[in-house]
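Residue numbers (the working numbering), protein chains in the order written: chain V, 171 to 588; chain C, 171 to 588.
We put the CB at the ideal spot given by N, CA and C, even for glycine.
Working notes for the structure below.
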């Protein structure tokens with residue numbers, strides 16, 4: 171394990187770039203190892219249910235990808251992605267009312283790389299970017315390499331609060347914010363979805379204050395109930411849209427994409443050249459054939475039913491076991507519920523106790539910029555990965571850990587210690 | 171084509187990060203599109219001969235990777251790479267007398283990502299790094315995102331000149347250079363190999379001036395003649411070593427690796443999390459089984475014979491057609507020959523004429539830091555990709571383009587115009 175390096179003296183401690191100081195390693199990722207212990211119930215990762223894919227069919231797709239297209243699939247590919255892959259993505263986007271041509275997008279090594287490329291393209295040290303607070307911790311990690319000043323805007327059940335956004339933009343002034351990063355549908359970690367009214371208002375504000383909007387949409391197709399809201403990109407061609415096959419097919423293929431205005435794509439293409447030359451052409455061939463030659467919508471619909479059952483199980487368990495002081499969101503799709511506990515409950519401290527009890531989750535503070543001090547009494551719990559009975563058991567165990575901490579606090583209060 | 175954006179007004183021209191200004195797009199990559207025209211003979215890309223892989227066997231490997239290991243192979247993976255992949259890489263490294271354990275390396279999305287991660291981990295704006303001059307253009311691209319001050323050291327037939335390196339280090343002082351980046355074996359673009367004596371001296375100087383050494387070794391196994399020199403990493407555990415399967419198997423799998431001291435690996439791991447979360451687990455499974463279950467050394471030996479024939483064809487054609495004023499290197503392996511033309515021949519200008527004549531190559535100036543003004547009369551020509559008769563034809567055509575430019579120059583001189 172690389173972690174053995176923790177106790178090794180670092181001869182090079184003084185020569186790292188300054189950005190390394192401000193980065194932090196993700197507690198979640200570091201817990202992935204723990205999550206693979208079979209007795210641990212994982213509420214941490216946003217891992218799709220790969221076991222329900224038609225692996226025999228995918229195996230055939232992979233075999234043919236090499237046999238019939240291996241000469242290009244195993245070779246270096248175009249930095250912006252294969253034309254055939256882009257054509258498939260254009261077709262996928264039609265379902266979201268986003269009408270684009272292959273030249274309107276770049277294929278990326280997962281949507282995570284898209285975040286890195288956008289940070290690299292736009293952020294100088296100290297530049298202001300706006301995100302929801304809490305937001306996707308991987309986005310914060312990606313941007314942090316470029317040392318921005320991240321301002322966060324709270325959400326409620328209708329998504330990012332536009333009154334707070336407007337106040338922030340007014341304070342910061344026109345054309346000073348590099349971009350507004352949002353996950354409008356089934357937000358990570360919030361689970362909430364931005365209402366149509368707020369979507370309209372966001373785009374108005376973006377134009378008024380001349381700020382780019384980045385719409386990250388990994389979960390849009392994972393809806394269990396309610397009617398979909400239009401994508402921001404479907405409402406406004408200036409929006410930068412990030413998509414991925416990770417949640418509708420498989421993250422192991424690391425295939426995502428960026429849709430953006432052409433001048434911006436030009437820059438991103440140049441930036442991507444130095445970053446990894448090109449994505450895996452083989453993975454792109456597999457993606458093409460999976461979406462062209464298999465009944466993927468049916469497969470996804472079946473998997474979605476499972477996610478739906480799991481969400482219901484998690485929400486029922488929260489009702490059953492969690493203390494009345496706790497609040498949580500009610501997602502209509504996606505992978506996550508965001509739980510807010512009494513202010514004195516520290517979820518980072520809670521995590522090690524929960525781990526002893528065989529449950530892991532994401533402490534809320536990781537979903538805010540480092541040093542903000544926010545989210546310490548919150549947690550992201552994912553319902554996507556475990557079966558209903560395990561989810562119920564995990565919530566039961568978590569509730570005991572929480573109750574214990576609340577009892578401890580009450581004892582302190584009663585003893586006059588606080 | 172994204173290039174249509176070239177003529178589109180860029181509303182966002184003022185909001186890009188400053189690093190974007192100093193980056194340049196690679197002429198080579200932009201020519202990849204041209205290279206796919208069937209009438210073009212490509213001396214540009216360092217593309218391995220994928221068609222000679224046992225595609226049926228690789229197809230079977232890919233099918234099994236999904237069928238038997240798809241549940242992990244299609245899922246998110248560990249940021250540092252799969253344990254099984256690391257074990258395979260350790261075994262590969264044994265052949266180079268590098269004795270490591272899985273915890274001593276991180277799997278990267280191609281060695282290109284390794285370069286990006288190293289830049290991100292070590293380079294602040296203005297930091298000095300040293301490379302050979304000319305050097306791998308993708309390394310310059312990767313580093314340029316972090317805005318270093320790149321100092322280049324010339325090479326001769328024995329590799330990087332240690333007298334020049336020592337003078338440079340003396341001038342710059344101890345512990346001020348972030349790292350020395352070298353491709354000691356079959357250098358890109360030079361084709362030259364560093365002698366044992368120089369390798370020893372490089373490591374001495376690195377210790378004396380407390381500078382990290384990064385050894386990039388994509389071509390080490392592609393030797394046609396002569397005895398191998400030891401890897402720098404085999405001589406010194408402090409050396410950061412970059413490897414890749416791109417030239418010994420397939421670049422389409424985007425699988426490379428970094429070997430480094432543990433404290434440095436810790437930082438790189440953190441940096442990689444934000445950059446792409448993890449590489450493609452599926453590609454890693456395929457890599458594992460290709461090296462475990464196929465006679466890959468035999469396959470590579472057969473492909474190497476082809477590269478060897480092509481090198482011979484190219485060197486013979488250079489002797490036959492190129493003017494006596496031209497000089498070129500004599501690589502004992504790898505993919506490239508570096509040609510130096512009379513100072514007044516500008517290879518960037520030459521490229522468009524060559525393209526009209528159906529040949530592309532890499533103009534030398536791309537192999538130096540932007541704005542250095544060096545390499546304008548040089549070119550990198552790759553012999554790896556085309557068959558001998560095509561190589562001969564390409565060199566014949568190039569020689570005509572060169573002769574034309576030389577004749578033009580002589581005419582100017584005679585007319586007293588210069």
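1) Quick check on this structure: which residue in 352/V, 390/V and 360/V has the alpha carbon closest to the alpha carbon of residue 369/V?
2) Can you check whether the C-beta of residue 570/C is within less than 8 angstroms of a C-beta belonging to chain V?
3) Is there a C-beta anywhere in chain C that falls below 8 angstroms from the one on residue 523/V?
4) Mind listing the chain C neighbours of residue 182/V? Cutoff is C-beta to C-beta under 8 angstroms, in chain order.
5) With a floor of 3 residues, list each beta strand (DSSP E) that falls wholly inside the region 236 to 293 of chain C, ordered by position along the chain.
6) Hey, is the region 512 to 523 of chain V in contact with the region 541 to 551 of chain V, meaning 3+ C-beta pairs nearer than 8 angstroms?
7) So, under 8 angstroms CB-CB, residue 211/V and residue 563/V are touching, yes? Tell me the CB distance rounded to an integer number of Å.
8) Around the Cβ of residue 500/C, are there at least 16 other Cβ atoms within 10 angstroms (buried) or fewer (exposed)?
9) Could you run through the region 283 to 303 of chain C and flag, in chain order, every residue whose CB is less than 9 angstroms away from some CB of chain V?
10) Check this for me: beta carbons of residue 494/V and residue 576/V, under 8 angstroms apart or not?
11) Roughly how many angstroms lie between the CA atoms of residue 580/V and residue 531/V, to the nearest whole one?
12) Report the three-state DSSP secondary structure of residue 420/V (helix, strand or coil).
13) Could you list the residues in the region 342 to 374 of chain V with a C-beta less than 7 angstroms from some C-beta on chain C, going in chain order?
14) For my contact list, residue 344/V and residue 380/V are in at a C-beta cut-off of 8 angstroms; report their separation, rounded to the angstrom.
15) In chain order, what are the residue ranges of uninterrupted beta strand (DSSP E) at least 3 long that sit wholly in the region 474 to 545 of chain C?
16) Look at the alpha carbon of residue 465/V and the alpha carbon of residue 527/V, and state the distance between them as a whole number of angstroms.
17) By the three-class DSSP mapping on this structure, what secondary structure does residue 427/V have?
18) Kindly say whether residue 185/C, judged by its beta-carbon, lies nearer than 8 angstroms to any beta-carbon of chain V.
19) Taking 8 angstroms as the threshold (C-beta atoms), are residue 451/C and residue 245/C in contact?
20) Assign residue 381/V to one of three DSSP states: helix, strand, or coil.
21) Mind pulling the chain D residues with CB within less than 7 angstroms of residue 405/V?
22) Within a Cβ cutoff of 6 angstroms, which residues of the same chain sit near residue 269/V, ignoring the five residues on either side of it in sequence?
23) Which residue wins for smallest C-alpha separation from residue 454/V, given the options 239/V, 299/V and 552/V?
24) Beta carbon of residue 427/V, beta carbon of residue 444/V: below 8 angstroms?
25) Examine chain V for any beta-carbon lying closer than 8 angstroms to the beta-carbon of residue 256/C, and answer yes or no.
26) How would you write the range of the beta strand (DSSP E) that residue 550/C sits in, first residue to last?
27) According to the Cβ coordinates, are residue 458/V and residue 295/V closer than 8 angstroms?
28) For residue 348/V, which of helix, strand or coil comes out of DSSP?
29) If you drop the 5 nearest sequence neighbours on each side, which residues of the same chain put their C-beta closer than 6 angstroms to that of residue 247/C?
30) Mind pulling the chain C residues with CB within less than 8 angstroms of residue 228/V?
31) Verify whether the separation of the beta carbon atoms of residue 291/C and residue 441/C is less than 8 angstroms.
32) Go through its chain and collect everything with a Cβ distance to residue 274/V's Cβ below 7 angstroms, but skip five positions before and after it.
33) So does residue 246/V have its beta carbon nearer than 7 angstroms to some heavy atom of the ligand GTP?
34) Tell me the DSSP secondary structure of residue 180/C in three-state form.
35) So what's residue 212/C in DSSP terms, helix, strand or just coil?
36) CB-CB under 7 angstroms to residue 220/V, same chain, minus the five flanking residues each way: which ones, in chain order?
On the basis of the coordinates in this document:
1) 352/V
2) no
3) no
4) 382, 431, 433 and 434
5) 275 to 279
6) yes
7) 7 angstroms
8) exposed
9) 283, 285, 286, 289, 290, 291, 292, 293, 294, 295 and 297
10) no
11) 25 angstroms
12) coil
13) 348
14) 6 angstroms
15) 506 to 510
16) 41 angstroms
17) strand
18) yes
19) yes
20) coil
21) Absent from the structure is chain D; the protein chains it does hold are V and C.
22) none
23) 239/V
24) no
25) no
26) 548 to 552
27) no
28) strand
29) 448 and 451
30) 236, 240 and 244
31) yes
32) 429
33) Among the components modelled here there is no ligand, and therefore nothing to report on the ligand GTP.
34) coil
35) strand
36) 420
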